[in-house]
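J.: Dropping a structure here in structure tokens format, bear with me for questions.
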Amino acid sequence: MCQPLTTLHFTQLHSSKHHGYLAVAIICRSNKRKKLLLCMSSTMAPQSIPRCTRLLHTVAPRKSAPRCRISPSSCVQNYSSSSTGKAAVGKRVTSAQLDDLLANPTWSVESLLPPKQQAPDAPKISPQQLHHLLRLSALPIPKDKKEEQKMMDTLSAQLHFVGEIQQVDTSGIKPLRALRDETATAEQEQTITLDTLRAALAKETIVGKHYKRIQRETTPVDAKNVENWDVLGSAQRKAGKYLVVESERPQE
Numbered sequence: 002m003c004q005p006l007t008t009l010h011f012t013q014l015h016s017s018k019h020h021g022y023l024a025v026a027i028i029c030r031s032n033k034r035k036k037l038l039l040c041m042s043s044t045m046a047p048q049s050i051p052r053c054t055r056l057l058h059t060v061a062p063r064k065s066a067p068r069c070r071i072s073p074s075s076c077v078q079n080y081s082s083s084s085t086g087k088a089a090v091g092k093r094v095t096s097a098q099l100d101d102l103l104a105n106p107t108w109s110v111e112s113l114l115p116p117k118q119q120a121p122d123a124p125k126i127s128p129q130q131l132h133h134l135l136r137l138s139a140l141p142i143p144k145d146k147k148e149e150q151k152m153m154d155t156l157s158a159q160l161h162f163v164g165e166i167q168q169v170d171t172s173g174i175k176p177l178r179a180l181r182d183e184t185a186t187a188e189q190e191q192t193i194t195l196d197t198l199r200a201a202l203a204k205e206t207i208v209g210k211h212y213k214r215i216q217r218e219t220t221p222v223d224a225k226n227v228e229n230w231d232v233l234g235s236a237q238r239k240a241g242k243y244l245v246v247e248s249e250r251p252q253e
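And the structure:
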């Protein structure tokens, strides 16, 4: 029989096809030997843990065994890899390997920006086109030539960036229906179930004998605090119940 337990490790294993398993590594100390006993039990059956513990105490071999210098974590890893056929835990990546991996970048956002010396066939934007776009956007006209040239260079860089994005091959890629989290966890949180509608269904009552219909309890909404506000209170100029705004057409 083993003496009181000295070390008790719990490790949670995850698998994509099976439920998680709880690995219990128990180290029993004896006067002459040390034994490492490994017990695997399903997390769905908590009662199997004491049963497994009793099994370890009853079937422990009486013959002396060599010292085991294998850590419990490595034993759990070897057991999981041999039982499933695939390694559940990969090789550990060291800090030096991460530094070597990040030291040589394979892509940079600068590749999407135009070069400092533009090609002769690059599309050019005229000052007339710039002024036309500014008027359509209700933006002020540049004050001088320097500011105008800066806006034209910025617009050219943006057009080059959009062109590089449009040249990306998207064949075989399913387009996004919306910019949202499409993981399984997010879909589960957003799924409407019976529990979601239970509060609304509790307010419904079925009335009628021959022609049954559903009546819903209506909660009165007090909107006076929201609707009773001065719409023109922050206006600088008013003409009766209208707001006066002065505008000036920009000179071309």
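Each residue of the sequence shown is one higher than the one before, counting from 2 in the numbering used here.
All residues carry an ideal CB built from backbone N, CA and C; glycine is no exception.
Every value quoted in this text rests on a predicted model; they were computed, and no experiment measured them.
(1) Is residue 45 helix, strand or coil when you go by DSSP?
(2) Rounded to whole angstroms, what's the CA-CA distance from residue 203 to residue 191? Just pull it up for me.
(3) What does the alpha-carbon distance come out to for the pair residue 100 and residue 133?
(4) Taking only runs that begin and end inside the segment 165-243, name each unbroken alpha helix (DSSP H) of 4 or more residues, in chain order.
(5) Less than 8 Å between the CB atoms is what I'm expecting for residue 205 and residue 215, so what's the real figure, rounded?
(6) Need the endpoints of the alpha helix (DSSP H) that residue 128 sits in, please.
(7) What is the rounded straight-line gap between the Cα of residue 94 and the Cα of residue 104?
(8) Rounded to whole angstroms, how far is the Cβ of residue 156 from the Cβ of residue 124, which I believe are closer than 8 Å?
(9) How would you label residue 84, buried or exposed, when you count the other beta carbons within 10 angstroms and need 16 or more for buried?
(10) If we ignore side chains and look at the alpha-carbon of each, how far apart do residue 146 and residue 244 end up?
(11) Hey, residue 131 and residue 153: beta-carbon distance below 7 Å or not?
T.: Concretely, from the data shown:
(1) Because residue 45 sits at a pLDDT of 39, beneath the cut-off of 50, its placement in the model cannot be relied upon, and the following sentence gives the value as read from the coordinates. Coil at residue 45, not helix or strand.
(2) Rounded to the nearest angstrom, the two C-alpha atoms are 21 Å apart.
(3) Cα to Cα, residue 100 sits roughly 50 Å from residue 133.
(4) With a minimum length of 4 residues, the continuous alpha helix (DSSP H) runs that stay inside the segment 165-243 are 185-191, 195-202, 225-228.
(5) Indeed they touch by this definition, with Cβ atoms about 5 Å apart.
(6) Per DSSP, residue 128 belongs to the alpha helix (DSSP H) from 128-137.
(7) Each residue's Cα considered, the two are about 15 Å apart.
(8) Between residue 156 and residue 124 a beta carbon distance of about 10 Å is seen, past the 8 Å cut, so the two are scored as non-contacting.
(9) Because the pLDDT of residue 84 is 45, which lies under 50, any placement of that residue in the model is unreliable, and the number read from its coordinates should be weighed accordingly. Looking at its Cβ environment, which holds fewer than 16 other Cβ atoms inside 10 Å, residue 84 is exposed.
(10) In a straight line, the C-alpha of residue 146 is about 37 Å away from that of residue 244.
(11) Residue 153 sits close to residue 131, with the two beta carbons spaced by under 7 Å.
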